[in-house]
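Peer 1:
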Amino acid sequence: MAERRTTESCDQACEQVWRQEYKLALYNCKEGLPLTRSYTENKCDDCNCLSENDCRWKFRPPPRGVVGIDEYSLCCRYLEYGACHFEDLCVFAHSDPELVEWRERHAYRQLQYQQQREQQQGTSYSEKLIEKWLNNPSADRVVSRVLEGVRVESSRELNQVSDGRTYSFAWIFSFTCNPPRLLHQVAFLSNSYTHCFHIASIAAGDSDSLHPYSILPHCQEWSRDSSGQNRIEEHSYQIAIKFYSQVFGNFQQTILFDFGSEPVLMQTVTVSAPSDKEALSHHQQQSLTTSQRWEATCKQIVEFRPQELSDLDLNLLVTYQIPAAADQLFTRSVLDKVLNRHNYHSRFHDLLYIEENAQNKDISKFNIKANLHIMTSYAVPGNLGAARHVQNGQLFACFLLSDTVITKDTAAGRLVMEKVTSVLLMPLSKKRGLGLSQGNKEKVYEALVEDRTRECMLLRLSKECCEDLKLRPERDIEVELQFQLNRLPLCEMHLALDNLKDCSLVSPDISSLLSLNLEWEELLDPRLNCRQREAAGAITAPATFLLPPILLMGPCGTGKTFTLAQAIKHLMKKSDKRILFCTHSDTAADSFLKDYLSPIVEHDASDIRLLRIYHKNKSVKSVQPTVQRYCLLARNQSSFVLPRKEDVLKCRIVVTTVSSAKYLCQADLQHGYFTHILLDDASQAVECETIMALGLADRTTRIVLAGDPMQLNPVVYSEFARERNLHISLIERLSQLYPADSCCHVSLSEQYRSHEAIISLASELFYRGSLIASSKHPAHKDFFPLTFFVAWGADVQDRSSCSYYNCAEVLEVAEQVEELQKKWPVAWGKLDENSIGMVTPYANQAMRIRAELQKKKLTDVTVEQILNIQDTQFRVLFVSTVRTRHTYKEPQNSARRKEAQQEESTEDLEYGFLSSYRMLNTVLTRAQSLVAVVGDPVALCSMGKCRKIWERFIFLCHEHGSLHGATLSEIRTQLDNLELSRSCMLNPLAPEFIPRAIQNFAASASRLQASPAKVCAQVIVSSFCPVLFVLPGGHHPVLWKSLSPVQRIDLQAGSSFFCVPSVTWSGYQNRLALDPRLVARQATVAYNLSLLQPHGRLSPGPYSVDTSSQDLEHSKSGG
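Dropping the structure here:
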C-alpha cells in the first residue's frame, strides 16, 4: 500500500508540474518566444512520464506537418453529425479536449527536441546563425553571397542537371583571402537532404601547397574548435562538397563558410532532374479575354439550332428557365436544413437553378481567343477509316486545346470539356463590315461542338456563318470564343422531379424494416455468396412485401453487377415480371447486356424480348453488333429510333441509361408497369438524375440501387448547393437512414478482383475493416502489392494553365514501368493495354509520362487521369501523386473549418491525392496485383486531408520492404525537422506561389512597376488585401495573400517555412516569395531582397519598412 501511495503521489506531482510548465510553453509557442527547459527538466526522477507515447495522452496522435499550434482545428462535421468518414484518420480534432491535447503534444515535442539538441553539444551552428539572422536589423551583415577580401571560385557550375537516376557531383570551392583569414566553420544551412550532401574535404595553405584538415566521414558540419588542431590564418582554402543520390528529384543546399567575422559567406548548389519542358511545351497562342458575356441585349446572335434536338428537348429548354429574381431561388425550402417529403420538389428545383448559375459563372471564365482551322471533313476518333463530311454549305473548324488554358485538372476546366455543346464566335478581323449587322449590334455566330478529344475540339459552323465570314476550307481564321453551357441535362433533372409524383419512393418509412425477415429463394445461383444471396433474395421477394428501395453496396469487384444479373435471371422465370435496368453510362449498359442479359435471352429463355434504348443521334457503327440486335433501328439501318409505347409493351427487359429513361416517361406507360427497376452505378449520379427512372414506379415497384458511395461523388460547382448535399447520390443518402442490419441495406464484403494486401488496406482505410479478399491473384516475386518509389521532385504549374507536372516523377515512372515489363510474371498472363495503368490527377503530367514512355518505346501502358478510370481494371496500377510542398497552400483556420464540413470539396479534387480520400479509394480498388505509388513521402505525410492515410500506406511499404529510395527513419527525421527544426525555416527550393484567387490584382500591380521605389524595399501591408513588395531596379512587383500568424513560414506550402530564392530557377526571375507575417522582422525582408541583387551591389545598411496607409492608397491608385 505504501508503494502504491508513493506511485500515486509521484504521478500527481508530475501531472501538476507538467500542466504548469505546459501553460508557459504553450504561451511561448504562440508568441514565437524561446521555449523553457523546465518543462522537461522538472519531471519526476522516479518515472518517465513525458514520453511521446505516454499514457497521459488520451486521444489520437495529431497529424504531421503542423508547425504552429494554431494550425490544429476542430472537425465541424464530427461535432455536428457525430460521425466522420475519416474516423481515426481525420486530420481535424473530434473534440475540444482532443484539440487541447494536440496542442500540448506539439509544445512538448518542441521542448523535447530543444533538449535533445542541447544534449548533443548544444544548438547547431546553422540554427544559431538563423536565429541571429532573423533578429538582426541588417541581415546582409549576417549572411552574404559576397565577402570583402575573399574571392571564391567553383570547379563546376553551381546548378547541375543529372542525365540519369544516379546523381554524383562534387563542387570544389577555392577561396583566396587577402589578407589571410582563419576558417572557423563550414556548415549546411538546411537539414533537408542531409543524406545526399556532405563535406568531403578541407585543405588550406598557399596556392602552391595545401595541407588537408581532419574531417569525419559524411561530415555535415565542420568547426575549427571541434577538429582538435591549432590552425593559423591562411591565404588559400579548398573545400569539396559532394552530392550523391539514386533517386530522381530536385535537390538544393546552401553552404556556409565562416571566416571568423560577419557577414558569413554562403554559396548555393542545386541538382535537378532533366526536363523535357522545351520539347513538350506549346506556345499558348490563345489567351483568356475579359469581354462581357454576349447576349441578345448587346449582340445579334445568329443561332444554329442542332437538328438532333427532339421536340421534347426543345420543350424542356423553354420550360425550365432560371428565374430572373434571386429571391425566387433562395426560398424557404432551399434554406431549410432538412430534406423532407414536403420540400423535396421545390428544394431540388431551386438547387438545380443555383447550380446552373454556378456552372455558367465558371464557364464564363474561359472566354478565349483562338485560331480556327477550317475543313470539310474529319476522321472519327476511335473508328478506323470512318469520316464525317459536312453538307448544306456548312463547314468544320478545329482548334487545339493544348494551346489553351482548358484542362480537366480543375472543376471549371472539366465543365468546359464535358458540358459544353456549343460556342459563340466572333472574328477578330479588322476589315470593316465583316461580322457586323445592319444595325448597331455586332453579329456573333453560334457553332456546335461536333467532337472533342484530349488534344482538340471540333466545331460545326452554320451556312450563314460561313457565307458572312467568307470562310474557305484549309484556311485559318482568328476568332474570339465564348463557351455555352449545355442546359439540357439540368432541364432533364427538373423533368425527373416533376415526373416523381410519390415522394415516399425516395423518402421511405423505414420503421417496418426493423421487424422484416425475408427468406432466400432456394433456386438462386449457387455461385452467389451469403451476402449476395441475401441481396438477390430481397430483390426477388414476392410482391406482397412492400419494400423501400433496396441498397446493394460494395466496392469494385464484390459482385454487385453479377448479383443483379442472377436476380434478373431468376425473375425471368416468372412471366409477369417486367424489368427496367438503368446505368449511368452507355458503356456500362452495353457491357451488362453483352455479358449477362444476352446469354439469358438467347440460351435460357428465347421467348423473352429485350430492348436497348439509344439516343437517336448515336452512331450505329459505334455500337457492337451483339448490342445492335436488341435496338430499334431505322429502315436504312443507319440510325436509332426512339421507342413507342407498343415497342416497350412487347419487351420484358428494357436497358437504358438514367438520362435516356426520359423517353420511357414520354411513352405514356402506366405507373408501375415495370415490376422491378434496377439502377447500377447509382453512386455516380446525383439524386435528381437517378429519379428519372423512378418516375415510372409506384409503391408496388421493387426498386434496387447498386453502387459504392465511397467512390468519387458527382461534381457540383455551387458551394451553396454542395452545403445542401446536391452532390450526394440517392443511394448514399438512403444508406445513412437505413439500419445497418436491414434486409434492404446489403453491403457486399467479399472482393474477388484484387490481391489480399490491397484489399486489406482498402478495408482498413475506407470500409471499417469489413472487406474480405477472395481472389487468388499472385503477387510479383520482387514487388510487394503495395509499393512506394520515392521521387524528391518539385511540382510545377504551367503559367498558361492550372495543370501541374513533376519531372522527377515522370522519369521514375518510366524507369519502373520499363523494369516491370522486363520482369513480367508468366502467372500474370499476356502483357496488353489493360495490364499496366498509370494514373495521375493532372493532364500535363499524363502528357509528359506518355511522351517519356514513347521515348523508351514502352507500349501496352494506359496513361490516364484518375477521373477516367472508374470503370477500368488493371493488373498493375502506377500512381503519380505530383504535388509537393512547393505549391501547396494550407488554408487558413476559418477556411479550414468550413472545408471540414465538406467531405470532398472541389478544392480537394484539385489537390488530388493530398486531400481526396475517394480518389485514393478508387485507385486502390482498380488494381489487381500491384499498386505502385511514385511521389514525395514527406509532402504526402504532411499536407492535406489524406496525410494520415499516406502515413499508413508508407508504413506498410516499410514493413514489407517495398519502400524504395528512402528509409522510414529518414522520412520521419525530415518530418520532425519540418515541424521543429529552426534550420527548416529556410526552404531554398520554394518558387513564388501566387494563388489564383488574387491574380486579379496583377493589373493594378503592373501599374506600380513603372514607379520607382522611394526606398529600397517598400512593403505595403493590409488586413484585407494581399501584400505587395516593390523591388528596386525595375523588378516586377509580387503579390502575396495575408495568412494567419504562425512563427515559421513555408512559402511553398503557404504555411510554415521561409524562402531563400538564392538560385534563379527557370521562369522565376526577379520574383520574391515572402510572407507578410515576417514583415515585422526587417532583417528577413532585407536579406531576401539582397539575394535578388547583382553581385557587388548589396547595400550595407538596413532596409526601411513602411506600412503606412498613405503607401497603401498609393498602391491602389497605381501612382
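Note that full-length UniProt numbering has the sequence shown beginning at 1, numbered continuously upward.
Just so you know, even glycine gets a beta-carbon here, dropped at the ideal spot from N, CA and C.
None of these values were measured; they are calculated from a predicted model.
Can you tell me whether PHE955 is helix, strand or coil according to DSSP?
Peer 2: In the structure shown, PHE955 sits in a helix (DSSP, three-state: H, G or I).
Peer 1: Just to check my reading of the structure: ALA667 and ARG644 have Cβ atoms closer than 8 Å, yes? What is that Cβ distance to the nearest angstrom?
Peer 2: Going by Cβ atoms, the distance from ALA667 to ARG644 rounds to 6 Å, so yes, they are a contact pair.
Peer 1: Spell out the partners DSSP gives THR583 in its beta bridges.
Peer 2: According to DSSP, THR583 bridges with THR657.
Peer 1: Is the CB-CB distance between PRO555 and LEU734 below 8 Å?
Peer 2: Going by C-beta atoms, PRO555 is not nearer than 8 Å to LEU734.
Peer 1: Starting from VAL420, trace the beta strand (DSSP E) both ways and give me its first and last residue.
Peer 2: 420-427 is the span of the beta strand (DSSP E), which, as asked, contains VAL420.
Peer 1: Under the three-state reduction of DSSP, which class applies to residue 1121: helix, strand or coil?
Peer 2: The structure shown does not extend to residue 1121, since the chain spans only 1 to 1119, so no value can be given for it.
Peer 1: Please state whether DSSP places PHE366 in a helix, a strand or coil.
Peer 2: Here PHE366 sits in helix by DSSP.
Peer 1: Grouping DSSP H, G and I as helix and E and B as strand, with all else coil, what is TRP824?
Peer 2: DSSP places TRP824 in coil when its eight states are reduced to three.
Peer 1: Assign GLY149 to buried or exposed, taking buried as 16 or more other Cβ atoms, counted over all protein chains shown, within 10 Å of its Cβ.
Peer 2: Under this definition GLY149 is an exposed residue.
Peer 1: Let's see if you can read the secondary structure: which residues bound the alpha helix (DSSP H) around LEU461?
Peer 2: Careful: LEU461 lies outside any alpha helix (DSSP H), inside the beta strand (DSSP E) at 456-461.
Peer 1: Ends of the alpha helix (DSSP H) at residue 1120?
Peer 2: The first residue shown for the chain is 1 and the last is 1119, placing residue 1120 beyond what the model contains.
Peer 1: Looking at the unbroken alpha helix (DSSP H) that takes in GLN854, where does it start and where does it end?
Peer 2: Run containing GLN854: 843-855, per the alpha helix (DSSP H) assignment.
Peer 1: Tell me the residue span of the alpha helix (DSSP H) that contains TYR445.
Peer 2: TYR445 -> not in any alpha helix (DSSP H); beta strand (DSSP E) instead, spanning 442-452.
Peer 1: Assign VAL506 to one of two classes, buried (16 or more other C-beta atoms within 10 Å of its C-beta) or exposed (fewer than that).
Peer 2: Label assigned to VAL506: buried.
Peer 1: Tell me which residues share the same chain as GLY1034 and place their Cβ nearer than 7 Å to its Cβ, disregarding the 5 neighbours each side in the sequence.
Peer 2: Because the pLDDT of GLY1034 is 35, which lies under 50, any placement of that residue in the model is unreliable, and the number read from its coordinates should be weighed accordingly. Once the five neighbours on either side are set aside, GLY1034 has no close Cβ partner at all.
Peer 1: Here's a check: name, in chain order, each residue in its chain whose Cβ is nearer than 7 Å to the Cβ of SER585, leaving out the five neighbours to either side.
Peer 2: Answer for SER585: THR657, listed in chain order.
Peer 1: Taking only the alpha-carbon atoms, compute the straight-line gap between HIS106 and HIS727 and give it to the nearest angstrom.
Peer 2: So the two alpha carbons sit approximately 37 Å from each other.
Peer 1: Using beta-carbon positions only, say whether SER929 and PRO778 come within less than 8 Å of one another.
Peer 2: Contact flag set, yes.
Peer 1: Can you grab the Cα-Cα spacing for the pair VAL161 / VAL91, in whole Å?
Peer 2: Their backbone Cα atoms lie some 37 Å apart in a straight line.
Peer 1: With which residues is MET838 paired in a DSSP beta bridge?
Peer 2: DSSP lists VAL863, PHE878 as partners of MET838.
Peer 1: For TYR805, which of helix, strand or coil comes out of DSSP?
Peer 2: Here TYR805 sits in strand by DSSP.
Peer 1: Figure out for me which residue from THR583, LEU712, LEU593, VAL931 has the closest Cα to the Cα of ASN909.
Peer 2: In the sequence on display, residue 909 carries Leu and not Asn. Out of THR583, LEU712, LEU593, VAL931, LEU712 has the C-alpha closest to the C-alpha of LEU909.
Peer 1: Closest to SER429 by C-alpha separation, out of LYS855, ASN371, PHE188, would be which residue?
Peer 2: SER429 has its Cα closest to that of ASN371, out of LYS855, ASN371, PHE188.
Peer 1: Measure the CB-CB distance between LYS618 and PHE640 and report whether it falls below 8 Å.
Peer 2: Cβ distance < 8 Å, so LYS618 and PHE640 count as in contact.
Peer 1: Is it the case that the CB of GLU756 approaches a heavy atom of the ligand GTP more closely than 7 Å?
Peer 2: By its list of ligands, the structure shown contains no ligand whatsoever, and the ligand GTP lies outside what it can speak to.
Peer 1: When the distance is taken between beta carbons, is PRO473 closer than 8 Å to ILE374?
Peer 2: Yes; because the gap between Cβ atoms is below 8 Å, this pair is in contact.
Peer 1: For the segment 404-424 against the segment 346-355, are there 3 or more C-beta pairs whose distance is under 8 Å?
Peer 2: No, they do not touch.
Peer 1: So, LEU786 versus LEU765, is the Cβ gap smaller than 8 Å?
Peer 2: No; because the gap between Cβ atoms is not below 8 Å, this pair is not in contact.
Peer 1: Under the three-state reduction of DSSP, which class applies to TYR244: helix, strand or coil?
Peer 2: Looking at TYR244 - three-state DSSP - the assignment turns out to be strand.
Peer 1: Would you report the Cα separation of CYS651 and CYS665, rounded to the nearest angstrom?
Peer 2: Taking the straight line joining both Cα atoms gives about 16 Å.
Peer 1: Only counting the same chain, and skipping five residues up and downstream in sequence, which positions put a Cβ closer than 8 Å to that of LEU316?
Peer 2: Counting only Cβ-Cβ distances below 8 Å, and skipping sequence neighbours, we find LEU488, CYS491, GLU492, HIS494, LEU495.
Peer 1: Nearest-angstrom Cα distance between LEU975 and GLU127?
Peer 2: Distance between the alpha carbons of LEU975 and GLU127 is about 17 Å.
Peer 1: Classify PRO323 as buried or exposed, calling it buried when 16 or more other Cβ atoms lie within 10 Å of its own Cβ.
Peer 2: PRO323 comes out exposed.
Peer 1: Mind reading off the beta-carbon distance from ALA567 to ILE613? Whole number of angstroms is fine, and I expect it under 8 Å.
Peer 2: Actually they do not touch by this definition, with Cβ atoms about 21 Å apart.
Peer 1: Is it buried or exposed, HIS780, if we count other Cβ atoms within 10 angstroms and call 16 or more buried?
Peer 2: By the 10 Å Cβ count, HIS780 comes out buried.
Peer 1: With DSSP run on the structure shown, which of helix, strand or coil describes ILE772?
Peer 2: ILE772 falls in the strand class under three-state DSSP.
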